[in-house]
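Contents: one structure, followed by commentary.
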Amino acid sequence: MKKLFLLTLLLVSAPVFAAAPAIVVPPAPEIAARAYVLVDYLSGQTLQQRAGDERVEPASLTKLMTAYLTFDALHQGIIKLNQALPVSERAWRAEGSRMFIDPKTPVTVDELIRGMIVQSGNDACITLAESISGSEEKFANRMNQEAQRLGMKNTHFMNSTGLPNAQHYTTAHDLSLLVRAIIRDFPEFYPIYSQKEYKYNKITQANRNRLLWQDPTVDGMKTGHTESAGFCLIASAKRESRRLISVVLGTASETLRASESQKLLNYGFLNFDTHHLYQKRQVIATLPVWKGSENSLKAGVFQDLLVSLPRGQYAHMKATLVSKQPLLAPISAGQKIGTIQLTLNGKPYAEYPLVALETVSSANIFKRGVDSIKLWFK
């Protein structure tokens, strides 16, 4: 019969038991937007949100996924930064914002990336899409496949640019997942999002993210606008070791999307802290194993585990390890063998998988038999 193994874990710099005042989280400021989320990059936690899972039109925020697949194509060697790509007539005739490329003049991948990110060029997006996948339609299929892989469950793309389409939609939450993936997976390209202007074809265009001028801690990320989507802005700011991501969708003006994003970022930095609970591959517990080549197993987390909390609440957090017993070999490294349950002031706060840090293979037939007898009496 399976039994639960419980172990109270000691958190770094925090007592297991402490006085438990009520959790007080200052309410989020009033944000004049259709939807928004505020996410801590390191922990991945949503600090505040409104309508975060409601479908919205992404407009040019779509270009974040176009950029993600472009960066991936560079990693795979499908294209190269200094490679000159041909410009199709379809790309040249693209509606909306453009970097003003010419079918007569091939453009390098590096130029197209900056035209896409800084100038929000639809012509740049289509050129990249056609070169990577053969057509924008095939590229859109890849965008949807990648969205599913990243956990963007309420997202569907029809094009690389964000031009309106009834079947082209996402959510504020899904966009935050995409932003975290870009920063995490392609850090070498992320600094382009802080570039304030870019000149191509003798035309200089400024980055539309006003916060790059207003807040020195903001170093990205992307604006979007159509009549139906309203004015949108995803902003990312790093202050000391913390990074927050705000996704603000459907405001009434360029000025509002900047001010509301700034308001949200300031709120997050002022009212929350991020704490490093456990290091990657840190041994959190050693658990008994039955019918295995070893009698015990080291357990922990495969990635650094961080948690975001209302400021001043860390001393009131408690961690409990929960594992179903008996653990029977074989067990593979990385296999989930339990959970780490966090409570704050006695109330459930978060839960994370506990995994095996090593592999334990099956024992010989004699030891398996002996353990079976022991378990029978146990």
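First residue of the sequence shown: 3, per the working numbering; consecutive thereafter. All C-beta atoms, glycine included, are put in the ideal place defined by N, C-alpha and C.
Give the DSSP bridge partners of residue i, in chain order.
i      : result
Arg52  : Tyr38
Lys382 : Residue 382 lies beyond the residue range present for the chain, which begins at 3 and ends at 380; the question has no answer from this structure.
Arg244 : Arg241
His278 : Leu308
Lys201 : Thr206
Tyr354 : Ile342
Check this for me: beta carbons of residue i and residue j, under 9 Å apart or not?
i      : j      : result
Thr361 : Pro332 : yes
Asn156 : His175 : yes
Arg245 : Ser238 : yes
Ser310 : Thr345 : no
Ile33  : Leu266 : yes
Asn209 : Ala260 : no
Gly270 : Thr253 : no
Leu359 : Ala321 : no
Phe73  : Phe159 : no
Tyr202 : Gly302 : no
Pro218 : Glu59  : no
Asp221 : Pro193 : yes
Pro108 : Ser90  : no
Gly79  : Ile103 : no
Met2   : Gln207 : This structure cannot speak to residue 2, because the chain is shown only from 3 to 380.
Ser135 : Arg144 : yes
Ala352 : Ser295 : no
Arg313 : Leu279 : no
Gln216 : Val120 : no
Thr172 : Arg36  : no
Asp125 : Ala86  : no
Ser263 : Leu213 : yes
Ile342 : Leu307 : yes
Whose C-beta lies closer than 8 Å to the C-beta of residue i among residues of the same chain, with five residues either side of it excluded?
i      : result
Asn84  : Thr110, Val111, Asp112
Arg383 : As shown, the chain starts at 3 and ends at 380. That puts residue 383 outside it, with no answer to give.
Ser15  : Legend: pLDDT at Ser15 = 39, less than 50; position of this residue unreliable, value from coordinates given subsequently. Same-chain partners within the cutoff: Tyr316.
Excluding the 5 residues preceding and the 5 following residue i in the sequence, name in chain order all residues of the same chain whose CB lies nearer than 6 Å to its CB.
i      : result
Lys338 : Pro355, Val357
Thr225 : Arg210, Asn211, Leu235
Glu139 : none
Could you pull out every residue in the same chain whose Cβ sits closer than 7 Å to the Cβ of residue i, ignoring the five residues on either side in sequence?
i      : result
Ser325 : Phe7, Leu289, Ile339, Gly340, Leu356
Val249 : Tyr38, Val39, Ala174, Leu177, Ser178, Ile236
Cys127 : Lys65, Thr68, Met118, Ser162, Thr163
Ala30  : Gln50, Tyr269
For a cutoff of 9 Å on Cβ pairs, would you count residue i as touching chain B?
i      : result
Tyr316 : The chain labelled as chain B is not found in the depicted structure, where only one protein chain is given.
**Report entry** the stretch 61-76 / the stretch 285-302 touching (three or more Cβ pairs under 8 Å)
**Finding:** no
Query raised in the report: Counting Cβ pairs, one atom from each stretch, are 3 or more of them under 8 Å apart for the stretch 139-149 and the stretch 42-55?
Result: no
**Report entry** Ordered list of alpha helix (DSSP H) runs contained in the stretch 73-105, each at least 4 residues
**Finding:** 91-94
Query raised in the report: Counting only runs that start and end within the stretch 280-311, where is the beta strand (DSSP E) found for 3 or more residues in a row?
Result: 285-292, 298-302
Query raised in the report: At what residue ranges does the stretch 104-140 contain a whole run of the alpha helix (DSSP H), taking only runs of 4 or more?
Result: 111-119, 124-135
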